[in-house]
Amino acid sequence: MRPGSRWHGVVLSVLLVAVFQSPTCSAEPPSERPVLRVVYFIPTDRKPEPDRVERLDRVMTEVQRFFREGMKQNGHGAMTFELERDRHGKLKIHEVQAREPMRAYGRNSSDKVRREVKAALDQRGLNIDRETIIIFQLLLDWQGGKAEEIGPYVGGGDARAGTAWVYDDAKLDPQLLPSKEPGGWYNGPCSLGRFNTHYIGGVAHELGHALGLPHERERDGERARRGNSLMGAGNHTYGQEKRGEGPGTFLTAAAALPLSVHPLFTGKPRPAEGMRVRLAELTPNRAKGKLGLVGRLEGEPKPIGIIAYNDPRDVQGDYDSLSFVSKVDDAGRFQLTLEDLRPGHYDLRLRAVTGSGDTRYFGYHYV
Numbered sequence: 016m017r018p019g020s021r022w023h024g025v026v027l028s029v030l031l032v033a034v035f036q037s038p039t040c041s042a043e044p045p046s047e048r049p050v051l052r053v054v055y056f057i058p059t060d061r062k063p064e065p066d067r068v069e070r071l072d073r074v075m076t077e078v079q080r081f082f083r084e085g086m087k088q089n090g091h092g093a094m095t096f097e098l099e100r101d102r103h104g105k106l107k108i109h110e111v112q113a114r115e116p117m118r119a120y121g122r123n124s125s126d127k128v129r130r131e132v133k134a135a136l137d138q139r140g141l142n143i144d145r146e147t148i149i150i151f152q153l154l155l156d157w158q159g160g161k162a163e164e165i166g167p168y169v170g171g172g173d174a175r176a177g178t179a180w181v182y183d184d185a186k187l188d189p190q191l192l193p194s195k196e197p198g199g200w201y202n203g204p205c206s207l208g209r210f211n212t213h214y215i216g217g218v219a220h221e222l223g224h225a226l227g228l229p230h231e232r233e234r235d236g237e238r239a240r241r242g243n244s245l246m247g248a249g250n251h252t253y254g255q256e257k258r259g260e261g262p263g264t265f266l267t268a269a270a271a272l273p274l275s276v277h278p279l280f281t282g283k284p285r286p287a288e289g290m291r292v293r294l295a296e297l298t299p300n301r302a303k304g305k306l307g308l309v310g311r312l313e314g315e316p317k318p319i320g321i322i323a324y325n326d327p328r329d330v331q332g333d334y335d336s337l338s339f340v341s342k343v344d345d346a347g348r349f350q351l352t353l354e355d356l357r358p359g360h361y362d363l364r365l366r367a368v369t370g371s372g373d374t375r376y377f378g379y380h381y382v
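This is the structure we're talking about:
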């Protein structure tokens, strides 16, 4: 299907073609398995939490478990990311002393925090532009029993590198997920368990972005049985099943597919060169609340799958995107069926996934 073409009442026009690739760079040495590196960011007016190493080990091991089980449920086997550990098996944390006090790092200070982290780790021989890192920031401020979020809480990345910005706190601990005891705060008083639902769920969600996952929600029929998609509102329902408060959070097939070829999950070197893949053919067919897409991809590295993110324009943002997945055969052909369509305008993002972990997006608008 070519941009601007019209078939069966479907108008598709080019909205965006985004290629997630970097200039050619050398891959990591084959002997080194890519790992997730944990960074600890300490403003000048804060002190590190004394139990941070053991507690954050529990946090990241819990998030490892979530991804491992999600990958297995989606048919990829028990895959998960590898954490950086020292020779004794202890979680390795790269501590960075900030240049300024806590209030100098606002909600939009992700670049500022990352620049300081990069400068510090460059001096230690670690180039974070070629790493996937998660920065635990001491930027959650407790005053009078209320927790105020001061700094950035976001994530972004791809198969080559990524960064997640999250918070550390003395109450952040997966051992507290089952707790109904008071003492937490998230937009109001809550249990310690619910506090950890939001913030450990947030760790998993922002790490998902650092690994290259976009927002996408679960289908309406899945919510009662499986809970919320991690990359939708699942950061606010993570682990709630441990308190009998709901079904929790799950990993969708659209999230599992790119993770199944991500270097942190496969253990293979990060891709050295950008992909050269194009959408050679795309034909739509719309009927009875569904949109069928038949197409063909060409290029290298060879695409192994394709994801459609169907995003209604009547809701601001992309949290309401529904995802659909198809394998790509040896000739590059694929077939997708987009369901649950309502009247209105949609942004459609097709994401080609290659075996190297690289992906490419093709964007359209239709009604």
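Residue 16 is where the sequence shown starts when you use our numbering, and the numbers rise one by one after that.
Where is the CB? At the ideal position from N, CA and C, for every residue including glycine.
Three-way DSSP call (helix, strand, coil) for residue i in this model
{"i": "Pro197", "result": "strand"}
{"i": "Asp345", "result": "coil"}
{"i": "Ser46", "result": "With a pLDDT of 46 at Ser46, under the threshold of 50, the modelled position of that residue is not reliable, and no figure is offered here."}
{"i": "Pro38", "result": "Reliability fails at Pro38, whose pLDDT of 34 lies under 50, so the model's placement of it is uncertain and no value is given."}
{"i": "Gly104", "result": "coil"}
{"i": "Ile143", "result": "helix"}
{"i": "Asn250", "result": "helix"}
{"i": "Gly320", "result": "strand"}
{"i": "Pro82", "result": "According to the sequence provided, residue 82 is Phe. The question's Pro does not apply to it. Looking at Phe82 - three-state DSSP - the assignment turns out to be helix."}
{"i": "Tyr376", "result": "strand"}
{"i": "Gly236", "result": "helix"}
{"i": "Arg70", "result": "helix"}
{"i": "Phe96", "result": "coil"}
{"i": "Thr352", "result": "strand"}
{"i": "Tyr384", "result": "Examination of residue 384 is not possible in this model, given that the chain is present from 16 through 382 alone."}
{"i": "Ile202", "result": "Here the sequence assigns Asn to residue 202, which means Ile is not the residue at that position. Asn202: coil per DSSP, three-state reduction."}
Proximity winner among the options, relative to residue i (alpha-carbon distances)
{"i": "Arg92", "options": "Arg102, Tyr201, Phe81", "result": "Before going on, a small fix: residue 92 reads as Gly here, not Arg. Here the closest residue by C-alpha is Phe81."}
{"i": "Gln350", "options": "Gln79, Pro116, Val340, Gly359", "result": "Val340"}
{"i": "Val169", "options": "Asp188, Thr212, Arg145, Gly216", "result": "Gly216"}
{"i": "Ala302", "options": "Leu353, Asp373, Leu191", "result": "Leu353"}
{"i": "Arg366", "options": "Ala176, Gly378, Leu356", "result": "Gly378"}
{"i": "Pro262", "options": "Gly249, Leu274, Ala268, Leu272", "result": "Gly249"}
{"i": "Gln158", "options": "Val368, His360, Arg139, Gly199", "result": "Gly199"}
{"i": "Met117", "options": "Lys105, Glu69, Thr59, Arg130", "result": "Thr59"}
{"i": "Asp183", "options": "Arg375, Ala219, Glu64, Asp335", "result": "Glu64"}
{"i": "Arg83", "options": "Arg61, Phe280, His380", "result": "Phe280"}
{"i": "Val368", "options": "Arg291, Asp326, Ser244", "result": "Arg291"}
{"i": "Ala219", "options": "Phe210, His380, Val74", "result": "Val74"}
{"i": "Gly177", "options": "Asp126, Glu233, Tyr334", "result": "Asp126"}
{"i": "Gly320", "options": "Asp335, Gly332, Asp333, Ala268", "result": "Ala268"}
{"i": "Asn89", "options": "His213, Asp66, Phe265", "result": "Phe265"}
{"i": "Gly370", "options": "Pro318, His380, Val343, Leu337", "result": "Pro318"}
Close Cβ partners of residue i (< 8 Å) along its chain, the five nearest in sequence each way excluded
{"i": "Ala346", "result": "Arg311"}
{"i": "Asp235", "result": "Asp355"}
{"i": "Gly223", "result": "Gly170, Leu245, Met246, Ala270"}
Cut-off 7 Å between Cβ atoms - residues of its own chain near residue i, not counting five sequence neighbours on either side
{"i": "Val132", "result": "Val54, Phe56, Val111, Ile143, Ile150"}
{"i": "Pro278", "result": "Pro49, Ala174, Pro284, Arg285, Gly372"}
{"i": "Lys87", "result": "Ala93"}
{"i": "Leu356", "result": "Gly304, Lys305, Leu306"}
{"i": "Arg328", "result": "Gly359, His360, Tyr361, Asp362"}
{"i": "Val68", "result": "Lys105, Leu106, Ile108"}
Cβ-heavy atom distance, residue i to the ligand HEM, below 7 Å
{"i": "Asp373", "result": "Absence of the ligand HEM is noted for the structure shown, with no ligands found whatsoever."}
For residue j and residue i, believed in contact at Cβ under 8 Å, the rounded distance
{"i": "Leu154", "j": "Tyr120", "result": "6 Å"}
{"i": "Glu99", "j": "Arg52", "result": "5 Å"}
{"i": "Leu136", "j": "His109", "result": "6 Å"}
{"i": "Gly247", "j": "Leu192", "result": "So it is not a contact: roughly 20 Å between Cβ atoms."}
{"i": "Glu77", "j": "Pro189", "result": "4 Å"}
{"i": "Ala225", "j": "Thr147", "result": "6 Å"}
{"i": "Pro167", "j": "Ser206", "result": "That belief does not hold up - the Cβ atoms of Pro167 and Ser206 are roughly 26 Å apart, past 8 Å."}
Nonlocal neighbours in the same chain, by C-beta distance under 6 Å from residue i, ignoring five residues either side
{"i": "Asn300", "result": "Gly307"}
{"i": "Arg364", "result": "Tyr324, Tyr376, Gly378"}
{"i": "Gly282", "result": "Arg48"}
{"i": "Leu274", "result": "Phe280"}
Contact with chain D by residue i, beta-carbon distance below 8 Å
{"i": "Asn325", "result": "Of the protein chains in the structure, only one exists, and it is not chain D."}
### Message
As an exercise, report each continuous alpha helix (DSSP H) stretch of at least 4 residues that is fully enclosed by the stretch 110 to 190, in chain order.
### Response
Contiguous alpha helix (DSSP H) elements confined to the stretch 110 to 190 occur at 125 to 137, taking only those with 4 or more residues.
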